[in-house]
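For reference, the structure is listed below as structure tokens.
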Ligand SMILES: Cc1ncc(COP(=O)(O)O)c(C=O)c1O
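Residue numbers (the numbering used here): 29 to 436.
Right, here's the structure in full:
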């Protein structure tokens with residue numbers, strides 16, 4: 029992660045690579061916390077950009093387009109930087125399309141995904157002339173065709189297939205399994221053909237798309253999913269549709285239990301190689317929709333300890349931030365590491381439950397984490413919180429949203 033201790037203090041380092049650990053400079057996070065009102069997210073932009081470049085390089089010379097899944101983190105500064113870097117964007121609502129356009133993404137760089145697109149959202153997407161709508165049902169395809177006719181346009185679409193694979197990840201973030209609401213299996217194809225034929229002038233089938241799940245740490249299931257979907261891709265081509273894109277979705281995961289990035293960088297390499305090996309012979313543009321892998325490591329959530337409460341069973345560090353700002357632990361049982369912004373060097377670590385102010389027992393950020401002695405007024409940083417953190421935050425119990433600080 030682009031944050032490291034210098035002496036007893038946690039700093040944001042300036043570069044995303046390992047050498048940064050020795051580099052002087054960077055930002056003292058305690059100083060930042062003392063100057064900030066309330067809990068905050070801090071993001072190291074350079075780390076996000078370095079990862080985007082690494083991911084792009086993993087495809088080598090192959091024609092590949094990265095579409096950042098902005099649901100992971102829609103911070104406008106970050107979006108602007110990724111648009112300048114030449115990435116496209118994957119959106120899942122009319123609101124996200126609006127924010128992507130405002131951040132400088134060209135319509136031709138925007139994909140619209142999601143299983144519940146409304147008439148208004150589809151109209152807006154078609155009128156905006158975005159690159160591609162990823163279609164989740166024949167009814168949606170029909171809706172897109174009508175929107176295209178209304179605005180006198182031809183809509184470029186890709187069919188989201190459900191290849192019925194079960195990646196090893198949390199059940200709430202598998203999306204390509206037969207029991208999930210996402211995508212379509214082969215039984216949908218006759219109906220898709222019928223709608224395509226009925227709306228030839230309004231629809232152009234450009235490709236197929238997959239997204240089998242999030243927080244994948246191995247790619248066997250993705251390989252199986254692509255392999256299972258390729259015959260459908262070829263069949264549509266053989267029927268005369270000019271498919272020239274294959275979208276492999278997002279899903280690359282990180283190791284939340286460690287600072288070690290070698291595993292995820294190897295996964296990025298393998299991802300590009302896999303896409304090249306399977307899709308290179310198809311002569312099409314490879315699209316991908318990475319979210320977490322680009323932004324998770326780059327963010328910390330910082331809160332201040334309000335109380336330390338010791339019961340006969342536990343010691344709780346009660347912060348001014350909690351599940352309303354970072355839902356992942358409550359929602360998925362996700363484990364994040366916790367670091368004090370300033371360590372007490374003399375203190376023996378002991379186990380704390382790091383919890384928030386919300387009136388729910390699911391309001392925890394970490395359980396049984398070893399920390400040097402913690403006292404009221406101390407600041408704690410929740411690590412690897414750059415993805416699905418602020419973007420899932422709410423004002424539950426009418427607490428304010430956290431502030432976001434983007435470094436560099
Ligand atoms: C359609 C689609 N694409 C891409 C992503 C990004 O996934 P990740 O952040 O795991 O890369 C998601 C996440 O839910 C998604 O639903």
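Glycine included, C-beta positions come from ideal geometry on N, C-alpha and C.
Does at least one heavy atom of ligand 1 sit under 6 Å from the Cβ of residue i?
i: residue 318; result: yes
i: residue 72; result: no
i: residue 91; result: no
i: residue 396; result: no
i: residue 118; result: yes
i: residue 303; result: no
i: residue 277; result: yes
i: residue 141; result: yes
i: residue 95; result: no
i: residue 242; result: yes
i: residue 239; result: yes
i: residue 362; result: no
i: residue 3; result: Since the first residue of the chain shown is 29 and the last is 436, residue 3 is not available in this structure.
Return helix, strand or coil for residue i, following the three-state DSSP convention.
i: residue 331; result: strand
i: residue 31; result: strand
i: residue 337; result: strand
i: residue 36; result: coil
i: residue 208; result: coil
i: residue 257; result: helix
i: residue 393; result: strand
i: residue 50; result: Note that residue 50 has pLDDT 45, beneath the 50 cutoff, so the model's placement of it is unreliable and the number below is only indicative. Residue 50: helix per DSSP, three-state reduction.
i: residue 409; result: strand
Could you compute how far the alpha carbon of residue i sits from the alpha carbon of residue j?
i: residue 228; j: residue 312; result: 22 Å
i: residue 372; j: residue 36; result: 7 Å
i: residue 408; j: residue 257; result: 45 Å
i: residue 199; j: residue 374; result: 42 Å
i: residue 16; j: residue 225; result: The requested residue 16 is not part of the displayed model; the chain covers only 29 to 436.
i: residue 290; j: residue 362; result: 21 Å
i: residue 299; j: residue 386; result: 40 Å
i: residue 122; j: residue 152; result: 7 Å
i: residue 426; j: residue 353; result: 12 Å
i: residue 316; j: residue 247; result: 14 Å
i: residue 396; j: residue 294; result: 30 Å
i: residue 216; j: residue 188; result: 11 Å
i: residue 245; j: residue 178; result: 44 Å
i: residue 135; j: residue 193; result: 32 Å
i: residue 218; j: residue 367; result: 54 Å
i: residue 286; j: residue 364; result: 9 Å
i: residue 302; j: residue 251; result: 7 Å
i: residue 81; j: residue 110; result: 10 Å
Identify the residues that DSSP records as bridge partners of residue i: which are they?
i: residue 93; result: 315
i: residue 243; result: None; residue 243 has no bridge partner.
i: residue 144; result: Bridge partners of residue 144: none, in fact.
i: residue 138; result: 117
i: residue 398; result: 379
i: residue 184; result: 232
i: residue 432; result: 69
i: residue 280; result: 244
i: residue 168; result: None; residue 168 has no bridge partner.
Do the region 60-70 and the region 129-143 meet, that is, are 3 or more Cβ pairs less than 8 Å apart?
-> Touching, no, given that fewer than three Cβ pairs across the two stretches are closer than 8 Å.
Say whether the region 333-344 touches the region 293-307, bearing in mind that this needs 3 or more beta-carbon pairs closer than 8 Å, one atom from each stretch.
-> Two segments are said to touch when three or more pairs of C-beta atoms, one from each, lie closer than 8 Å; by this definition the region 333-344 does not touch the region 293-307.
How do the region 415-424 and the region 333-340 stand: do at least 3 beta-carbon pairs fall below 8 Å, yes or no?
-> No, the region 415-424 is not in contact with the region 333-340.
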